[in-house]
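Reminder that position 138 of the sequence shown reads as 138 in full-length UniProt numbering, one-by-one numbering, no gaps. The beta-carbon is built from N, C-alpha and C at its ideal position, and this holds for glycine as well. These notes are about the structure you will find just below.
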Amino acid sequence: MDKGEATATVRDFDPISGSIPATKVEITVSCRNLLDRDTFSKSDPCKSHSYDEFFISQTFFPFYNTLNPDFVRKYILDYFFEEKQNLRFDVFDIDSKSPDLAKHDFLGQVHCTLGEIVGSPASRLEKSLGLVYIILCPSLCLCVCVNSGIPGKKCGTIILSAEELGNCRDCATMQFCANKLDKKDFFGKSDPFMVFYRSNEDGTFTICHKSEVVKNTLNPVWQPFSIPVRALCNGDYNRTIKVEVYDWDRDGSHDFIGEFTTSYKELCRGQNQLNVYEVCEEEALCVRVLTLNANYSILLLFDCAAVYSNTSLKCTQIHFTVAIDFTASNGNPSQSTSLHYMNPYQMNAYAMALKAVGEIIQDYDSDKMFPALGFGAKLPPDGRVSHEFPLNGNMGNPYCNGMEGILEAYHQSLKTVQLYGPTNFAPVVNHVARYAAAVQDGSQYFVLLIITDGVISDMAQTKEAIVNAAKLPMSIIIVGVGQAEFDAMVELDGDDIRISSRGKLAERDIVQFVPFRDYMDRTGNHVLSMARLAKDVLAEIPDQLISYMKSRAIKPNPVPPAYSLFPISTLI
């Protein structure tokens with residue numbers, strides 16, 4: 001019997017699919033030094049919040065007579081590293097019981113992203129409140145109200161802290177066996193396998209794990225398996241887990257042997273008499289059995305451990321470096337056909353790709369200072385060709401301030417350098433690798449974004465550089481612009497075949513390549529298309545960081561405690 005035939009196929013499913021909730025983070029909110037808008041007492045602040053393009057809103061209960069509230073109620077949000085998740089917080093002074101926020105004094109507003117909070121030191125972001133208040137009217141028209149506030153006074157600050165929910169970090173490992181299962185095959189013993197389901201809030205069940213088939217036995221011992229706790233019970237330790245046992249049949253018409261129910265809380269007790277279950281055909285008759293008779297299942301092994309997750313990035317400083325292709329194949333920048341042409345009304349492909357990726361990843365770099373390099377150009381004053389020059393012209397300090405600083409340096413470089421060639425990647429890869437090699441304890445991780453238009457000229461050297469970089473805390477994103485063939489870039493991506501150099505395989509897959517043309521929106525809606533681009537190129541970064549941590553046996557850092565300036569007794 002081949003392996004494929006001995007695999008249970010109740011129905012197709014992916015245990016780590018999109019149906020499993022994403023990493024969840026809990027947002028704690030505090031305010032300090034709010035404007036006092038009440039004449040005879042302190043303000044009574046409350047807070048509303050909206051996020052994403054859907055403007056999902058929540059309003060918190062007010063605090064009375066305080067300018068420094070620590071809001072007790074928390075926000076629980078799904079967190080995606082590769083997406084820009086916009087948040088807005090509005091603070092009001094409550095003057096009545098009216099639910100209409102327009103009838104209360106507006107104290108201030110803050111815009112940020114979820115990544116900005118998670119990526120801040122200790123996942124704690126402090127921002128000054130602003131006084132421009134934007135209301136999304138029922139008519140879907142934006143009404144902008146400017147509240148000038150009190151002259152000479154500041155609006156105060158808001159403090160946002162993110163903490164990953166602990167039960168989403170865990171991974172459970174367990175093993176089951178069964179004794180004296182019902183015999184379902186006429187000429188032989190059963191071929192049993194188990195199917196695990198988590199219960200949903202609407203009372204239905206969703207499959208979350210399927211065991212291997214143990215052939216020709218009524219006393220199977222299944223192999224240990226590991227599963228994220230969020231997949232098993234959605235982080236709710238008391239939620240029902242249903243387990244069904246089947247006799248495998250070649251034609252797919254598997255015979256139902258029986259089922260039992262349990263919960264994650266019960267499984268955590270490990271191997272003992274409380275984790276012996278009767279496998280019965282009718283759900284109403286399923287009870288835990290304390291005296292071993294026919295048809296029962298036993299938990300042999302249970303272990304739970306914290307695992308790496310996407311929010312491991314909040315304990316790791318991300319260093320973002322940009323490298324831009326200045327080879328002559330891009331065309332004369334002064335002509336509209338050039339990929340570097342600076343249209344006064346629209347960004348070119350280089351600028352759009354840089355902005356799309358950079359605006360998300362910059363949230364994880366605390367100082368927002370980024371090295372920006374160019375390659376393939378002749379530099380003034382002597383016309384020497386460089387494949388590793390700073391866009392700002394400062395060899396000793398190639399750092400630019402934020403995305404706007406990089407874009408400005410890029411625009412200035414086009415006026416001072418001469419596009420030339422060839423297209424060599426190895427120098428910029430080795431440039432970043434030198435910095436990554438100096439810090440390998442997991443506290444820092446380096447991401448290199450290369451934007452290029454053509455066929456790579458130093459393939460052998462670049463492969464060697466990538467193989468060496470795969471041992472370091474480093475990832476490489478390549479965005480191909482223009483209409484050239486990018487077969488070499490696909491090879492560097494290594495999704496199908498891990499790249500090698502001089503007979504040595506790369507330890508990890510650290511390269512992600514995407515062609516920019518695949519994300520151009522024919523309707524001209526570049527906002528959505530660039531969001532898709534950023535999502536696709538950044539989606540692999542958390543897994544690549546985690547793969548480095550695992551390869552070096554670096555343990556996940558503990559989640560920092562939620563921020564609170566005042567003792568818990570002062571919270572309402």
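| field | In DSSP terms, what G480 is bridged to | value | Taking the sequence shown and counting its residues from 1, one reaches residue 480 at position 480. According to DSSP, G480 bridges with T452 and P515.
| Helix or strand or just coil, what does DSSP make of K471? | Within the sequence shown, residue 471 is the residue found at index 471, counting from 1. Note: K471 maps to coil in three-state DSSP.
| query | What's the C-alpha gap between D367 and Q461? | reply | Residue mapping note: residue 367 aligns to position 367 of the sequence shown, counting from 1. Residue mapping note: residue 461 aligns to position 461 of the sequence shown, counting from 1. D367 and Q461: Cα-Cα distance of roughly 32 Å.
| Where does V110 fall in DSSP's three states? | Looking up residue 110 in the sequence shown gives position 110. Strand at V110.
| Continuous alpha helix (DSSP H) stretch holding E404: start and end | Within the sequence shown, numbered from 1, the residue matching residue 404 stands at position 404. Residues G402 to T416.
| Looking at C-beta atoms only, is the number of pairs between the region 448-461 and the region 420-433 that lie closer than 8 Å three or more? | The region 448-461 vs the region 420-433: in contact.
| With respect to the beta strand (DSSP E) encompassing R124, which residues constitute its N-terminal and C-terminal limits? | Position 124 of the sequence shown, counting from 1, holds the residue named residue 124. In the DSSP assignment, R124 falls within the unbroken beta strand (DSSP E) covering R124 to S128.
| Cross-strand partners of E26 (DSSP beta bridge) | Along the sequence shown, read from residue 1 onward, the residue named residue 26 stands at position 26. Per DSSP, the beta bridge partners of E26 are I76 and E163.
| Cut-off 6 Å between Cβ atoms - residues of its own chain near K550, not counting five sequence neighbours on either side | Stepping through the sequence shown from its first residue, residue 550 is reached at position 550. Shown here for K550: not one same chain residue has a beta carbon closer than 6 Å to its own, the five before and five after excluded.
| said: Helix, strand or coil for V432? Go by DSSP, reduced to three states. | reply: Position 432 of the sequence shown holds residue 432. In this structure, V432 counts as helix in the three-state DSSP scheme.
| query | For E259, which beta-bridge partners are listed by DSSP? | reply | The residue labelled residue 259 in the question sits at position 259 within the sequence shown. Partner(s): E244 and C280.
| Ordered list of alpha helix (DSSP H) runs contained in the region 333-399, each at least 4 residues | At a cut-off of 4 residues, the continuous stretches assigned as alpha helix (DSSP H) that sit fully inside the region 333-399 are 349-361.
| With distances taken from CA atoms, which of N397, V527 and W222 is nearest E359? | Counting from 1 along the sequence shown, the entry for residue 359 is found at position 359. Among N397, V527 and W222, the Cα nearest to that of E359 belongs to V527.
| Contacts around E5, its chain only, beta-carbon distance under 7 Å, and the 5 residues preceding and following it disregarded | Here the question's residue 5 lines up with position 5 in the sequence shown. In this predicted model, E5 has a pLDDT of only 34, less than 50, meaning its place in the structure is not dependable; the value taken from the coordinates is given anyway. Result list for E5: R250, in chain order.
| query | Considering only residues of the same chain and omitting the five flanking positions on each side of V385, which have a CB-CB separation below 6 Å? | reply | The sequence position of residue 385 within the sequence shown is 385, counting from 1. Only K378 and Y420 meet the Cβ criterion.
| task | Mind the definition here: the region 461-475 touches the region 332-350 only if three or more C-beta pairs lie below 8 Å; say whether that holds. | result | They do not touch, by the three-pair rule.
| task | Rounded to whole angstroms, what's the CA-CA distance from F81 to D182? Just pull it up for me. | result | Within the sequence shown, residue 81 is the residue found at index 81, counting from 1. Within the sequence shown, residue 182 is the residue found at index 182, counting from 1. In this structure, the CA atom of F81 is about 48 Å from the CA atom of D182.
| message | Rounding to the nearest angstrom, what Cα-Cα distance links I27 and K265 in this structure? | response | Translated into the one-based positions of the sequence shown, residue 27 becomes position 27. Translated into the one-based positions of the sequence shown, residue 265 becomes position 265. Here the C-alpha atom of I27 lies approximately 26 Å from the C-alpha atom of K265.
| field | Residue from L533, D521 and E507 with nearest C-alpha to Q544 | value | As a first step, residue 544 is located in the sequence shown; it is residue number 544 there, counting from the start. The option with the nearest alpha carbon to Q544 is E507.
| field | I554 to L414 span [Cα, whole Å] | value | If you number the sequence shown from 1, residue 554 lands on position 554. If you number the sequence shown from 1, residue 414 lands on position 414. Roughly 43 Å separates the two Cα atoms.
| query | L492 by DSSP, collapsed to three states: which one? | reply | Sequence index remark: in the sequence shown, residue 492 carries index 492 (1-based). In the structure shown, L492 sits in a helix (DSSP, three-state: H, G or I).
| said: As a quick exercise: from V29, I76, N401 and M489, pick the residue whose alpha carbon is nearest that of P69. | reply: Counting from one through the sequence shown, the residue named residue 69 turns up at place 69. For the residues V29, I76, N401 and M489, the minimum Cα distance to P69 belongs to V29.
| query | Could you give the residue range of the beta strand (DSSP E) that holds A178? | reply | Counted from its first residue, the sequence shown places residue 178 at position 178. Secondary structure note for A178: its beta strand (DSSP E) is the uninterrupted segment D170 to N179.
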